[in-house]
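S.K.: Okay, so the sequence shown: first residue is 26 according to this note's numbering, each after it adds one. C-beta: ideal position from N, C-alpha, C; glycine also.
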Amino acid sequence: MRYVLRDAAGKIVSLHLEPVPGAEPLPRDHPEVKAFLAMADDEKSFAGLDANLVRVLEDLIDVLIERNVLRITDLPAEAQQKLFDRKHFRSRVQKKSLQLFGSDFSGEFGGAPSPSQGVLPDVTGLLPPDDNVPKL
Numbered sequence: 026m027r028y029v030l031r032d033a034a035g036k037i038v039s040l041h042l043e044p045v046p047g048a049e050p051l052p053r054d055h056p057e058v059k060a061f062l063a064m065a066d067d068e069k070s071f072a073g074l075d076a077n078l079v080r081v082l083e084d085l086i087d088v089l090i091e092r093n094v095l096r097i098t099d100l101p102a103e104a105q106q107k108l109f110d111r112k113h114f115r116s117r118v119q120k121k122s123l124q125l126f127g128s129d130f131s132g133e134f135g136g137a138p139s140p141s142q143g144v145l146p147d148v149t150g151l152l153p154p155d156d157n158v159p160k161l
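1) Mind checking which residues open and close the beta strand (DSSP E) that includes R27?
2) For the 8 angstroms Cβ check, are there 3 or more pairs between the stretch 53-61 and the stretch 77-89?
3) Can you tell me whether V38 is buried or exposed? The criterion is at least 16 other CB atoms within 10 Å of its CB, across all chains shown.
4) Residues in the same chain with beta-carbon distance under 8 angstroms from H41, minus the five sequence neighbours each way, listed in chain order, please.
5) So, under 8 angstroms CB-CB, E83 and L100 are touching, yes? Tell me the CB distance rounded to an integer number of Å.
6) Can you have a look at T98 and say buried or exposed, based on whether 16 or more other CB atoms are within 10 angstroms of its CB?
7) Any idea what DSSP makes of E49, helix, strand or coil?
8) Grouping DSSP H, G and I as helix and E and B as strand, with all else coil, what is H41?
9) What does the alpha-carbon distance come out to for the pair A104 and R80?
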């Protein structure tokens with residue numbers, strides 16, 4: 026059983042597992058409950074798409090700056106600050122992330138590819154031959 030709160034028009038505005046004051050009990054397979062949950066999933070998916078698009082735009086700006094098509098100073102000060110903030114945040118997160126290949130990886134392959142390169146280095150030589158793979 027789920028508990029729903031409705032607005033003045035009768036539309037579900039929140040869904041609860043436990044009873045709350047003013048909530049109406051509805052079974053979890055009720056069409057209105059399903060529709061409300063589907064709408065929430067759509068909003069999460071859209072937010073995920075937005076986050077991915079922001080990353081694409083950030084990479085695009087980096088490529089334009091690399092190729093001297095755009096200078097960072099061409100952007101408004103607020104945009105510059107937001108880009109710098111995101112770059113510093115991503116840099117901190119990447120430093121704390123798990124380095125699966127260690128420091129040798131970046132030296133041997135020339136570092137991580139830039140978004141403009143579009144290909145990852147061939148790491149098949151780092152894998153053991155099939156005959157050395159332990160059998161389970």
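M.R.: Concretely, from the data shown:
1) Counted from its first residue, the sequence shown places residue 27 at position 2. R27 -> beta strand (DSSP E) spans 27-31.
2) No, the stretch 53-61 is not in contact with the stretch 77-89.
3) The sequence position of residue 38 within the sequence shown is 13, counting from 1. Counting the other Cβ atoms within 10 Å of the Cβ of V38 gives fewer than 16, which makes it exposed.
4) Numbered from its first residue, the sequence shown carries residue 41 at position 16. R27, Y28, V29, L30, A48, listed in sequence order.
5) Along the sequence shown, one-based indexing puts residue 83 at 58. Along the sequence shown, one-based indexing puts residue 100 at 75. About 12 angstroms separates the beta carbons of E83 and L100, which is beyond the 8 angstroms limit, so they are not a contact pair.
6) Within the sequence shown, the letter at position 73 stands for residue 98. Flag for T98 reads exposed.
7) The residue given as residue 49 occupies position 24 in the sequence shown. Collapsing the DSSP output to three states places E49 in a strand.
8) Here residue 41 is taken as the residue at index 16 of the sequence shown, counted from 1. Residue state, collapsed to three classes: strand.
9) Start at 1 with the first residue of the sequence shown, and residue 104 comes out as number 79. Start at 1 with the first residue of the sequence shown, and residue 80 comes out as number 55. A104 and R80 have their C-alpha atoms some 14 angstroms from each other.
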